[in-house]
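So for the sequence shown, the numbering used here puts the first residue at 272; every next one is plus one. All C-beta atoms in this analysis are idealised placements derived from N, C-alpha and C, irrespective of residue type, glycine included. Below: one structure, written as structure tokens.
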Amino acid sequence: MHRAIPAATAALFLLLSALGTVSAADTAPAFADRFHDETLRVDYFHTGAAGEEIVALDRVHRQGSWAGSLVHLVDCLDLGRYLAVATDVASGEVIFSRGFDSYFGEWATTGPASEGVRRTYHESVLMPLPKAPIRFSLEARRADGTMAEIFAQEIDPAAVEVRRDPLPADAIVVEAAVAGDPHACLDIAILGEGYTAAEAGKFDRDVRRFADILVGQEPFRSLSSRISVRGVLRPSQQSGCDEPERGVHRNTALGCTFNSLGSERYLLTEDNRALREAAACVPYDVVSIMVNHTRYGGGGIYNLFNTFTSDNQWSPYVFVHEFGHGFAGLADEYYSSSTAYNDFYPRGVEPRERNITALLSPGGLKWGDLVTPGAAAPTAWPKAEHDAADAVYQQRRGENTDLIAKLMRGGAPQAEVDAALAAGEELSLVHQQELDAWFAKTGLGGSSAPSRARATAARACTARSSTASCSPRVSSRSARRARGGSGRWRRRILNKAVVCRDISKGMICRIHA
């Protein structure tokens, strides 16, 4: 029976049971009834545009040991735009399911997709290796939140067509922190992108640095004995990654690029096969791609992957922020934009992400335990003052971005390029300092970033009111990324008030859920 408890708390129960309240030995007989302790990877192509989806099976792979739970094999979190389901053919029993978001799902929200432009993306679903044939199916979430099947095909794990590819011979593995049995730990794989063979030492240091960053803050610190972090590097021919608007194109192992979906700072890869081949070298539940670069940028798609750069002043923050998207299924919250965007949610539908709301039930605010008793929801605040200052920054940031691109495409002396890059970083830093001071002055900030976030969380995406801080609609990721730097404090709301607060109460939505 499903208990009527907050979803975040329920997720914590899943987390704790997966991480050690039930041992692998206790659960192995039940697991062994249906599965081998190996991994089945189902690759497929996802094609279409807005309102149109076509899925075609590509390959099926048999990989190393299953890294997930031996207990929580059927997803009960109801997160993500898609759901993969494995049904035992003989009995009709659902033996595995997993919610996720996808690159195609991001594409489908863009302007070109709404105009009928089709694209194809390569995707994968991992599950423990079934002992008998399964019916593999994919379901997509409709606008009203219900699910509809878009693909189904029987798969026989014992078929001769199932591939058993060797691991890449050039892969370098860094075991930064190994907590124990992958069945009972959260296993994070950090894949190196844009590191040459000569930079393998830097990759090793970077992996360990970001492992320390993650487990250095709560709630990860308290759970560090149950979190493993491993790095995998397939050396690239060149350092860095693609920066199309700057005229930079690199030959790299994973094919990461800025300007993904046309958004300046959105950093993703479309080479899913290369990603999966590298990640297969270690057990993993979460994939983070660390790009060897100094530029600000990143991305995160739920139960797919997260990206961040290694050497920007904001890299530690971006790493944890994107981890919140990819692991916990949290949403960005940007309330203002001059960019047209497509709705993720129609009016009257409550978003499933735990950190945004349409406030359809005023008494049921998801983060109500953080709101000062008696505070109004939405909370009035000096929005016009903030937005006026933000507009000035946006203009200056855009001018700097255009200048950098012009200099680099035009082959300007490196000293000029470096000066423009440094000016952009200084502009970003000063803007953040000014925002911190503004929050403190207005009384919204409190004495620390977490308290500032708690003060602002009460008004985040709350209601259709002239005093509300945002629309109850969430824009496409590409539109959100296009807005760029002014969102840093809003993203900080997500990190501090939602990730750090809600993870401690179960907002980490999955460790082998």
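Ordered along the chain, which non-local residues of its own chain (more than five positions away) have a Cβ less than 8 Å from that of residue i?
i	result
S736	With a pLDDT of 26 at S736, under the threshold of 50, the modelled position of that residue is not reliable, and the figure given next carries that caveat. Excluding sequence neighbours, S736 sits near P649.
V688	I675, L678, M679
D415	P617, V620
H657	W709
With a CB to CB cut of under 6 Å and the five nearest residues on each side skipped, what residues in its chain are close to residue i?
i	result
R369	D346, A355
G635	none
F302	L341
G695	N671
I276	For I276, the predicted structure reports a pLDDT of 29, less than 50, and the residue's modelled location is therefore unreliable. A value from the coordinates is still provided. For I276, where only same-chain residues beyond five positions count, there are no Cβ hits under 6 Å.
E514	F529
G526	T540, D542
W378	A384, R390
G582	Note that residue 582 is Asp in the sequence shown, not Gly. Closer than 6 Å at the Cβ level, and outside the excluded window around D582, lie T565.
F594	N577
Q508	N522
S719	Unreliable positioning characterises S719 in this predicted model, as indicated by a pLDDT of 36, which lies under 50. The coordinate reading is nonetheless provided below. Closer than 6 Å at the Cβ level, and outside the excluded window around S719, lies no residue.
A683	none
So, residue i versus residue j, is the Cβ gap smaller than 8 Å?
i	j	result
L698	I675	no
L575	W652	no
L397	E309	no
D314	S408	no
A450	I498	yes
R312	H343	no
A549	A442	yes
A219	V433	No statement about residue 219 is possible, as the shown extent of the chain runs from 272 to 784 and does not include it.
G487	L538	no
F316	H393	yes
F590	F579	yes
A455	P506	no
E516	E535	yes
I421	V558	no
S336	P453	yes
T628	K637	yes
R479	A447	yes
L532	T318	no
Among the residues of its own chain, which have a CB less than 7 Å from the CB of residue i, if the five just before and after it don't count?
i	result
V553	V444, A460, R501, V503
S586	F579, T580
L350	G370, Y573, G600, R623, C780
Q584	E696, L700
R330	D314, R434
H596	G571, I572, Y573, N577
S496	A450
Our contact map puts residue i next to residue j with C-beta atoms below 8 Å; I'd like the distance itself, whole angstroms only.
i	j	result
L438	A338	No, L438 and A338 are not in contact; Cβ-Cβ is about 15 Å, not under 8 Å.
S510	Y555	With 8 Å as the limit, S510 and Y555 do not qualify as a contact, their Cβ atoms being about 25 Å apart.
N563	G463	7 Å
E624	L641	Going by Cβ atoms, the distance from E624 to L641 rounds to 16 Å, so no, they are not a contact pair.
Y353	E410	7 Å
V388	A320	6 Å
R435	I366	With a Cβ gap of about 22 Å, R435 and I366 do not count as contacting.
D233	M561	Shown here, the chain extends from 272 to 784; a query on residue 233 therefore has no answer.
Could you tell me which whole alpha helix (DSSP H) segments of length 4 or greater appear in the segment 550-599?
586-599
Would the segment 372-388 count as touching the segment 511-529 if we require 3 or more Cβ pairs under 8 Å?
no
Entirely within the segment 348-416 and at least 3 residues each: give me those beta strand (DSSP E) ranges in chain order.
353-359, 365-371, 390-401, 405-412
Alpha helix (DSSP H) segments (min. 4 residues) lying fully within the segment 626-696
654-680
Runs of alpha helix (DSSP H) wholly within the segment 308-354 (minimum 4 residues, chain order)
none
Alpha helix (DSSP H) runs contained entirely in the segment 460-523, provided each spans 4 or more residues
471-486
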